[in-house]
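Just below is one structure, and these are the notes that go with it.
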Amino acid sequence: MLSSELSILLIYGLITAIVLGLKTTGMVATMDMGYLLSSRDEKRTLDGMLGRMDRALNNSVVALTLIAPAILALTLRDQSSSNSILAAQVFLAARVIYVPAYVFGVRGLRTLVWTIGFLATVVLYFAAL
Amino acid sequence: MTPELTALALAALLQAVQFALVSVTANLQLGVAKTASPRDRDRLGGPLEAQLNTRNARLFRAMNNHFEALTLFTIAVVVVTLSGQSSPVTAAAGYTYLAARVAYVPAYYFGLSPWRSLIYFVGFAATFVMIVSALI
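Note that the protein sequences, when read in sequence, are chains A and B. For what it's worth, the numbering used here labels the leading residue of the first sequence as 72, then goes sequentially. For what it's worth, the numbering used here labels the leading residue of the second sequence as 107, then goes sequentially.
Following this line, the structure appears as structure tokens:
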């Protein structure tokens, strides 16, 4: 399952969807349902852990947008190699650590794994080129 | 072209329509002097989107929500297509997503509760079904 870049991309997409589900669950648990089902005309900010989860989710979506073209191009051009698979695995591992590191406020680690994930993305672009 | 790709192309068109709706309503309400400026917060007295009236702000939020949904949906469609796993289930999921996202815009604009949330969930579930069916 983790042996091809496409599978890793799919798994990362699923994880992002799960984080979105967690954030929504958190909102349902802590905010009043009337507001959530309304058109949310008055802006309410998310605090604490829920705010961190919201920011981690936004960051995950950006990472997803950036890595998807690299993996799709690499697959279309048949440029997969053991290096590119390793880069995709490193990306996935880094992004899996990123979310709890953000939610639990682990300073340093969050920035470190973000950087690793970003560098792995750049490596995949070069692999595709 | 697979049905999923057709749904994806139509979803991108829908986003172009949503973008145009936001652009036209925002320009009509706020005036070109504000929208064409560099939108510096200190000069405008806050972010531009905060100055939109209720209905126009809903169009803006609906568009942003679709950008997020499209990111996941695009990946689902492209992977299903590239790996040659298109099936009646994934085709149905693609069109379900499209129908849900079309319905989402008026549901948000007219403040239909809880329909907006329900419609959002249908689109999200359709994307989820496509990703999972490509993995198994």
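Just so you know, even glycine gets a beta-carbon here, dropped at the ideal spot from N, CA and C.
Under 8 Å, Cβ to Cβ, is there at least one residue of chain B near residue i?
i: A/Asp112; result: yes
i: A/Gly84; result: yes
i: A/Asp100; result: Looking at the sequence itself, residue 100 of chain A is Ala, so the reference to Asp does not match. For A/Ala100, the answer is no, since every Cβ of chain B falls outside 8 Å of its Cβ.
i: A/Ser78; result: yes
i: A/Ala25; result: Nothing in the structure corresponds to residue 25 of chain A, since chain A is present only between 72 and 200.
i: A/Ser155; result: no
i: A/Val161; result: no
i: A/Leu107; result: yes
i: A/Thr182; result: no
i: A/Leu135; result: yes
i: A/Thr208; result: The first residue shown for chain A is 72 and the last is 200, placing residue 208 of chain A beyond what the model contains.
i: A/Thr96; result: no
i: A/Thr146; result: yes
Would a C-beta distance cut-off of 8 Å place residue i and residue j closer than the cut-off?
i: A/Arg123; j: A/Val174; result: yes
i: A/Leu135; j: B/Ile237; result: no
i: B/Gly229; j: B/Tyr215; result: no
i: B/Ala182; j: B/Ala240; result: yes
i: A/Lys184; j: A/Tyr169; result: In the sequence as presented, Lys is not what sits at residue 184 of chain A; that position holds Val. Against a cut-off of 8 Å, the Cβ pair of A/Tyr169 and A/Val184 comes out as a contact.
i: A/Ile156; j: A/Leu77; result: no
i: B/Arg222; j: B/Ala117; result: no
i: B/Glu110; j: B/Thr233; result: no
i: A/Leu128; j: A/Ala199; result: no
i: A/Tyr83; j: A/Leu180; result: no
i: A/Ile202; j: A/Thr192; result: Lying before the first or after the last residue shown, residue 202 of chain A is absent from chain A, which here runs from 72 to 200.
i: B/Asn162; j: B/Gln135; result: yes
i: B/Ala132; j: B/Leu158; result: yes
Could you tell me which chain B residues have their CB closer than 8 Å to the CB of residue i, listed as they occur along the chain?
i: A/Val167; result: Correct list: empty, because the minimum Cβ distance to chain B is about 16 Å.
i: A/Leu93; result: Those within 8 Å of A/Leu93 in chain B number zero; the least Cβ separation is about 13 Å.
i: A/Thr87; result: Leu178
Looking at chain D, is there any beta carbon in it that lies within less than 8 Å of the beta carbon of residue i?
i: A/Ala158; result: Protein chains A and B are contained in the structure displayed, whereas chain D is not.
Residues of chain A with CB closer than 7 Å to the CB of residue i, please, in chain order.
i: B/Gly200; result: What B/Gly200 touches in chain A: nothing, since even the nearest Cβ is about 15 Å away.
i: B/Val138; result: Ordered by position in chain A, no residue passes the 7 Å Cβ test against B/Val138, which lies about 25 Å from the chain.
i: B/Leu240; result: Note on identity: in this sequence residue 240 of chain B is Ala, with Leu being the wrong assignment. Within 7 Å Cβ-Cβ: Leu81.
i: B/Tyr214; result: Ser110
i: B/Phe234; result: Ala88
So, is the C-beta of residue i closer than 8 Å to a C-beta in chain A?
i: B/Pro220; result: yes
i: B/Ser189; result: yes
i: B/Leu154; result: no
i: B/Thr131; result: no
i: B/Ser223; result: yes
i: B/Tyr210; result: no
i: B/Phe166; result: no
Taking Cβ-Cβ distances shorter than 9 Å, what residues in chain B pair up with residue i?
i: A/Leu143; result: Ile181, Val184, Val185 and Leu188
i: A/Val132; result: Phe173, Glu174, Thr177 and Leu178
For residue i, which residues in chain A fall below 8 Å Cβ to Cβ?
i: B/Ala163; result: Asp112
i: B/Thr160; result: Ser110 and Asp112
Since residue i meets chain A, which of its residues come closer than 9 Å, beta carbon to beta carbon?
i: B/Gly229; result: Residues of chain A passing the Cβ test: none, with the nearest at roughly 12 Å.
i: B/Gly217; result: Ser109, Ser110 and Asp112
Would you mind listing the alpha helix (DSSP H) stretches within the region 116–190 of chain A that are 4+ residues and don't spill past its ends, in chain order?
119–147 and 153–174
Going along the chain, which unbroken runs of the alpha helix (DSSP H) with 4 or more residues stay wholly within the region 117–205 of chain B?
Runs found: 138–141, 147–150 and 160–188.
Can you confirm whether the region 146–165 of chain A touches the region 109–116 of chain A when touching is taken to mean that 3 or more C-beta pairs between the two stretches lie within less than 8 Å?
The way I'd put it, the region 109–116 of chain A doesn't touch the region 146–165 of chain A; fewer than three beta-carbon pairs between them come closer than 8 Å.
Given 8 Å, three or more beta-carbon pairs between the region 124–135 of chain B and the region 166–177 of chain B
Segments in contact, yes.
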